[in-house]
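Heads up: the sequence shown at position 14 corresponds to 110 in this note's numbering, and the numbers run straight through without jumps.
First up is the structure itself, then whatever we jot down about it.
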Amino acid sequence: MTTSSHNFTTPSVSVTTASGNNQSQLVATIVPDEQRISFWPQHFGLIPQWVTLEPRVFGWMDRLCEDYCGGIWNLYTL
């Protein structure tokens, strides 16, 4: 059984998978605005040139998605 839900009024995504007797749960929680500044260095700080990661993602979105025109992304932790 696989269950997934996303509610745009609440900032979390939950996915539950049951296979036989084993159960696992994946929960994504939105990063609050006051923690956004530390998100990239906290999760990618050990990667050389991590500071260029965000602009590269935005650049690829601009190239690959005709309708993409920037904006503020919601960041999540798992």
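No residue lacks a Cβ here, since even glycine has one placed at the ideal position from N, Cα and C.
inquiry  = Can you look up ILE168 in the DSSP assignment and give me helix, strand or coil?
reply    = coil
key: 8 Å contact criterion, which TRP146 and PHE140 should meet: CB distance rounded   = 4 Å
query = Who does SER134 pair with in a DSSP beta bridge?
reply = SER134 is not bridged to any residue.
ask   = Which first and last residues belong to the alpha helix (DSSP H) in which VAL153 is found?
value = 149-160
request  = Alpha carbon to alpha carbon, how far is ASN118 from ASP163? Give it in angstroms, no decimals.
outcome  = 41 Å
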